[in-house]
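Take the sequence shown: its position 44, counting from 1, is numbered 41 in my numbering, and each next residue is one higher.
For glycine and all other residues, C-beta sits at the position ideal for the given N, C-alpha and C.
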Amino acid sequence: MSHTITIANQKGGVGKTTTTINLATGLAAADKRVLIIDFDPQANASTGLGLTKQKRVMNIYGILVGHYTVSQALVKTLIPGLSIIPSAIDLLGAEIELVDMKERESCLKEIIAPYKSMFDYILIDCPPSMGLLTLNAMVASDSVLIPLQCEYYALEGLSYLLGSIQKIKKNFNQKLDLFGVILTMFDRRSSLCQMVAEDVKKFLGDKVFQTAVPRNTKVSEAPSHGKPVLIYDLKCPGSKAYMAIARELLTRDANRIQAA
-2 MSHTITIANQ
8 KGGVGKTTTT
18 INLATGLAAA
28 DKRVLIIDFD
38 PQANASTGLG
48 LTKQKRVMNI
58 YGILVGHYTV
68 SQALVKTLIP
78 GLSIIPSAID
88 LLGAEIELVD
98 MKERESCLKE
108 IIAPYKSMFD
118 YILIDCPPSM
128 GLLTLNAMVA
138 SDSVLIPLQC
148 EYYALEGLSY
158 LLGSIQKIKK
168 NFNQKLDLFG
178 VILTMFDRRS
188 SLCQMVAEDV
198 KKFLGDKVFQ
208 TAVPRNTKVS
218 EAPSHGKPVL
228 IYDLKCPGSK
238 AYMAIARELL
248 TRDANRIQAA
């Protein structure tokens, strides 16, 4: 059964795209068929997987406006089992263009529906906002995964995001649920990081993934080489964390299916 996951946080710089790329790589390493939809106009997931502008001519924006099909825009990465639908800066105009469309919140859902059976997991990397693009992603998804940086304003932003998820669940997608929260850029030496992590776990309990992603230079360096950190340096702490998170996601997903 295919599982579509929106990876979202309205705050930028929390490791959202890094989590998308490396979690997808970890799942592909576990012999899962994985698709990333780069739904952020900044196209960081596309460049982070080494896609040049020439390889992004056919992209998610072109699909939304009817210029291309999913099959035409789909790009197989160098990682076996991992494909991506790239993004482009043109996607900035999509929110304006979608406004006048009928059932504009369901455009992405309708587009990917015929292709879901091709993949075990579809990960949608969203822009750092709660606009029409992120709404489309959540309407098209089964669940939401939130990367959360352990900093002072984390809980305030998390409360807002959880409220948005509940509103979307009520009005547009009744099956949408919070799949989990991944703590990112975690520094065990920082008392603030420890305090925020404890507060999030008190607030959300077992929705918080057991593995936190540590601050790690290799994780930051990898996108500039067009590679996931799991390919760039498999043995670094960041790679080990994302592999553990991929295993935990598979376990949580199996439990979710059994409970359904």
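Query                                                                                                                                                    : Result
Any contact of the segment 192 to 206 with the segment 169 to 181, i.e. 3+ C-beta pairs under 8 Å?                                                       : yes
Determine the extent of the beta strand (DSSP E) in which residue 32 is found, giving its start and end residues.                                        : 31 to 35
Please name the residue, chosen from 213, 55 and 100, that lies closest to residue 88 on a Cα-to-Cα basis.                                               : 55
Using the three-state DSSP reduction, which class does residue 72 fall into: helix, strand or coil?                                                      : strand
Let me know the secondary structure DSSP gives residue 174 once reduced to three states.                                                                 : strand
Helix, strand or coil for residue 230? Go by DSSP, reduced to three states.                                                                              : coil
Tell me the rounded alpha-carbon separation between residue 158 and residue 198.                                                                         : 16 Å
Are residue 91 and residue 82 closer than 8 Å when you measure CB to CB?                                                                                 : no
Let me know the alpha helix (DSSP H) ranges lying completely inside the segment 61 to 121, each 4 residues or longer, listed in chain order.             : 67 to 70, 91 to 95 and 104 to 109
Go ahead and pull the three-state DSSP assignment for residue 49.                                                                                        : coil
If you measure between the beta carbons of residue 103 and residue 121, is that distance less than 8 Å?                                                  : no
Do you know how far the Cα of residue 150 is from the Cα of residue 239?                                                                                 : 24 Å
In chain order, what residues of the same chain lie with their CB nearer than 7 Å to the CB of residue 222, ignoring the 5 residues before and after it? : 229
May I ask you to report which of helix, strand or coil DSSP gives residue 200?                                                                           : helix
Can you tell me which of the three DSSP states residue 146 falls into?                                                                                   : strand
At which residues does the alpha helix (DSSP H) containing residue 16 begin and terminate?                                                               : 13 to 26
Is any non-hydrogen atom of the ligand PLP found closer than 7 Å to the C-beta of residue 55, if you look at the structure I gave you?                   : In terms of ligand content, the structure shown is empty, and the ligand PLP therefore cannot be addressed.
At the level of alpha carbons, what is the spacing between residue 136 and residue 3?                                                                    : 9 Å
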